[in-house]
Amino acid sequence: MVTEIYQASRIKRRRATKAEMEARAEFLIAYADAHGPVTVRQLYYRAEVEGLPGIDKTEGGYRKIQGQVLDLRRAGRLEYRAIADATRWMRKPTSYDSVQDAIEATARLYRKNLWYDADTYVEVWCEKDALAGVIYPITSKYDVPLMVARGFASETFCYEAVAARNGDDCPYHVYYLGDFDRSGQDAARSLEEKLTRFAEDDGIEVVFEQIAVNEEQITTLGLPTRTPKRKSPADKAWSHEFACELDAIEPDDLRDMVEQAINQHLDQAALEVLKVAERSERQILRAFAQTT
Numbered sequence: 189m190v191t192e193i194y195q196a197s198r199i200k201r202r203r204a205t206k207a208e209m210e211a212r213a214e215f216l217i218a219y220a221d222a223h224g225p226v227t228v229r230q231l232y233y234r235a236e237v238e239g240l241p242g243i244d245k246t247e248g249g250y251r252k253i254q255g256q257v258l259d260l261r262r263a264g265r266l267e268y269r270a271i272a273d274a275t276r277w278m279r280k281p282t283s284y285d286s287v288q289d290a291i292e293a294t295a296r297l298y299r300k301n302l303w304y305d306a307d308t309y310v311e312v313w314c315e316k317d318a319l320a321g322v323i324y325p326i327t328s329k330y331d332v333p334l335m336v337a338r339g340f341a342s343e344t345f346c347y348e349a350v351a352a353r354n355g356d357d358c359p360y361h362v363y364y365l366g367d368f369d370r371s372g373q374d375a376a377r378s379l380e381e382k383l384t385r386f387a388e389d390d391g392i393e394v395v396f397e398q399i400a401v402n403e404e405q406i407t408t409l410g411l412p413t414r415t416p417k418r419k420s421p422a423d424k425a426w427s428h429e430f431a432c433e434l435d436a437i438e439p440d441d442l443r444d445m446v447e448q449a450i451n452q453h454l455d456q457a458a459l460e461v462l463k464v465a466e467r468s469e470r471q472i473l474r475a476f477a478q479t480t
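For what it's worth, my numbering labels the leading residue of the sequence shown as 189, then goes sequentially.
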């Protein structure tokens with residue numbers, strides 16, 4: 189039996205000074221407060237772009253940000269709600285203390301169907317569940333379904349998405365957000381193929397558009413890139429010398445992209461009328477709750 193002896197590395201890694209750690213902390217707090225909700229990986233990319241001390245384009249750099257964000261939250265310096273994490277969730281039936289409580293809850297949550305008379309149907313699909321919390325404030329505002337694919341969307345998920353249309357045969361607009369790499373682009377093509385195949389059975393036209401990340405955005409937005417994976421034959425076929433993650437897009441820019449895509453299909457004057465009606469009907473529900 190051969191025993192291998194590993195010697196300690198002679199490379200000494202410089203630890204960040206207290207001043208550098210505080211500079212990092214101040215940036216992370218200010219950015220999350222101004223642009224939240226954001227993911228930890230989005231904070232890492234901004235830290236890298238801004239050249240924060242000790243943060244490089246490696247997973248080690250990401251782990252430094254991850255650890256410091258956790259410390260800042262536990263210390264009460266960074267709001268918990270400023271960080272998005274849609275990867276974990278809970279199932280529980282909604283329950284109430286009384287009929288009045290139920291009506292008041294309905295009043296708070298009451299929403300008009302903004303798409304009732306629309307001549308098109310819109311969905312936003314996102315490759316990464318961690319980013320759902322960043323995008324949801326916009327999709328929720330416009331009553332648009334947000335579908336989280338988690339990489340390659342399953343056959344079942346795509347079938348159910350089309351089946352949920354309940355025979356509605358108006359054009360089906362799908363706006364997709366995913367990484368600019370071999371896997372992300374293959375996932376986008378796979379999703380389009382599955383949705384189109386199931387929709388054709390119901391005579392529905394699918395209009396599929398990937399609104400992020402594309403090569404033009406990498407240049408115009410100055411997005412940080414990474415070296416693409418080259419392990420599998422499929423990865424080696426990737427024709428670019430770089431890749432870019434969806435997380436590299438600043439949260440405000442990401443929300444703007446989603447909002448612009450949705451607004452193409454909404455009559456803004458009609459939308460404002462619906463919002464006024466929604467507020468009025470919510471007041472009626474609240475008044476009714478008081479008499480119950």
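Cβ atoms here follow ideal geometry from the backbone N, Cα and C, with glycine treated the same way.
Values in this document were obtained by computation on a predicted structure and should not be read as measured data.
Here DSSP, grouped into helix, strand and coil, assigns E311 to strand. Taking 7 Å as the cut-off, the Cβ atoms of H223 and D440 count as close. Counting along the chain, no alpha helix (DSSP H) covers V332, and no H or E run does either. A direct Cα-Cα distance of roughly 17 Å separates A218 from V322. About 5 Å separates the Cβ atoms of Y298 and R470, confirming a contact at the 8 Å cut-off. Within the model, the alpha-carbon separation for D331 versus V446 is close to 13 Å.
Our two residues, R229 and V461, have alpha carbons roughly 39 Å apart in a direct line. Distances from the alpha-carbon of E433 to those of D389, G355, F368 put F368 closest. A direct Cα-to-Cα measurement between G249 and E315 gives close to 23 Å. Judged by beta-carbon spacing, T408 lies beyond the 7 Å limit of A318, meaning their Cβ atoms are not closer than that value.
Apart from the 5 residues on each side of it in sequence, R261 sits with its Cβ closer than 6 Å to the Cβ of Y268 in its chain, given in chain order. The C-beta of I437 has 16 or more other C-beta atoms within 10 Å across all chains shown, which makes the residue buried.
Look at V322 here: in three-state DSSP terms it is helix. Of the residues assessed, A274 falls on the buried side of the cut-off, its CB having 16 or more other CB atoms within 10 angstroms. DSSP, read as helix, strand or coil, puts R377 in helix. Counting every other CB atom within 10 Å of its CB across the protein chains shown gives Y284 a total below 16, marking it as exposed.
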